[in-house]
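Remarks on the structure that follows.
Number of protein chains: 2
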Amino acid sequence: MDIFAKRLKERAADLGISNAQAARLCELDERRYANYANDQREPDLMTLAKIARVLNTSADHLLGLTDPTPQTARARLLDRLNVAAASLTDEELRTIVTQTEALAIPRPKKTGKKIPPISGV
Amino acid sequence: MDIFAKRLKERAADLGISNAQAARLCELDERRYANYANDQREPDLMTLAKIARVLNTSADHLLGLTDPTPQTARARLLDRLNVAAASLTDEELRTIVTQTEALAIPRPKKTGKKIPPISGV
DNA sequence: TTTTTCCGGAACAGAACGTTCCGGATGGAT
DNA sequence: ATCCATCCGGAACGTTCTGTTCCGGAAAAA
């Protein structure tokens, strides 16, 4: 099914990763994933579902049943963030969340008495 | 894939038709469709797409991808990540994406020819 | 009653699969 | 310059899965 192979390649390019990296994200052998991306093999349903989930897209899109919507550059970054975050352990995810919130949450104003410690925000 | 079989049966029941009638709607041999509906066979991708289209449902639904997700602790973390990421500047977001991807994408398998160096994470 | 439709077990030939092996191309490090 | 790691894709092969055919029982329709 050539549309599937095409969509796989497009999705990896959207995410800015190689097909080999996409294979590892999906926990598939590199040759196996390459067979899909080159329209030489087709996955079973469980694998199709996993690929759609891991690459944060839909099976409908991959199968050519729906078309994608264009994305801004920023939306693409958020997309990549979600795909990557999905593969993290809970511990790693907690760390990333903490870091991101530290950047996102405004710092308190200086009281003038003393510079507050960086930790314990 | 049992969820697929289950969804096929549910969809035919929704439409008030027998599995044999659904098979004919999809222009598939009755035994063939029955194998899908009884979780004894799986269709190729083209056939999956056709079934979804003819039965006016989605491949995501048939594959069990569109179940409502329970609010697990992890789902909450991902939610928080998205909320926090939304507040970042593009530059900060790019940094977080890069860090997250560095953690997320596994390295290639050892070739077995040589022991890879410990460094180079 | 007979006929039609629905349903599912069994068997089999052929197709498609994942995996292994391999080598060339590319880019980075030294 | 060389060496190494990664990416990529061709080929081969054993294993698994597929669609199809045959069949008979159950249920529904005529």
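Chains A and B, in that order, give the protein sequences. Residue numbering for the first sequence is 886 to 1006, as defined by the numbering used here. Residue numbering for the second sequence is 886 to 1006, as defined by the numbering used here. We put the beta carbon where it would ideally sit given N, CA and C, even for glycine.
- Three or more Cβ pairs closer than 8 Å define a contact, and the region 922 to 933 of chain A meets that threshold against the region 888 to 899 of chain A.
- In terms of Cα proximity to leucine 930 of chain A, the closest of B:Arg916, B:Thr942, B:Leu973 and B:Leu950 is B:Leu950.
- Chain order gives the chain A residues near glutamine 984 of chain B as Ile981 and Gln984, where near means a beta carbon separation below 8 Å.
- In the structure shown, aspartate 914 of chain A falls within a coil segment according to DSSP collapsed to helix, strand and coil.
- Ranked by Cα distance from leucine 948 of chain A, the options B:Cys911, B:Ala934 and B:Arg979 are led by B:Ala934.
- Among the residues of the region 962 to 981 of chain A, those with a Cβ less than 9 Å away from any Cβ of chain B are Leu962, Leu963, Arg965, Leu966, Asn967, Val968, Ala969, Ala970, Ala971, Ser972, Leu973, Thr974, Asp975, Glu977, Leu978, Arg979, Thr980 and Ile981, in the order of the chain.
- Annotation: Cβ neighbours of isoleucine 990 of chain B in chain A (cutoff 8 Å, chain order): Ile902, Gln906, Arg909, Leu910, Ala969 and Ser972.
- Where arginine 926 of chain B is concerned, there is no enclosing alpha helix (DSSP H), because DSSP gives it neither an H nor an E.
- Excluding residues up to 5 positions away in sequence, Asp924 lie with their Cβ nearer than 8 Å to the Cβ of aspartate 887 of chain A in the same chain.
- Listed by position along chain A, the residues whose Cβ is nearer than 9 Å to that of arginine 959 of chain B are Asp975 and Leu978.
- In this structure the region 904 to 914 of chain A does not touch the region 974 to 989 of chain A; the number of beta carbon pairs closer than 8 Å is below three.
- Bounds of the alpha helix (DSSP H) holding leucine 963 of chain A are 958 to 971.
- Per DSSP, the unbroken alpha helix (DSSP H) holding isoleucine 888 of chain A starts and ends at 887 to 900.
- The beta carbon of threonine 932 of chain A sits closer than 6 Å to no other beta carbon from its chain once the five residues preceding and following it are set aside.
- In this structure, the straight-line span from the alpha carbon of glutamate 927 of chain B to that of leucine 940 of chain A is close to 22 Å.
- In the three-state reduction of the DSSP assignment, isoleucine 936 of chain A falls in the helix class, which pools H, G and I.
- For alanine 898 of chain A, not one C-beta of chain B is nearer than 9 Å to its own C-beta.
- Comparing alpha-carbon positions, the option among A:Ala937, A:Thr957, A:Leu962 and A:Pro953 lying closest to leucine 973 of chain B turns out to be A:Leu962.
- Taking the C-beta atoms as reference points, leucine 913 of chain A is found no nearer than 9 Å to isoleucine 981 of chain B.
- The alpha-carbon separation between arginine 959 of chain A and isoleucine 902 of chain B amounts to approximately 46 Å.
- In this structure, DSSP gives threonine 983 of chain B a helical state, which the three-state scheme calls helix.
- Of the candidates A:Pro953, A:Arg938, A:Ala944 and A:Ala937, the residue whose Cα lies closest to the Cα of alanine 937 of chain B is A:Ala944.
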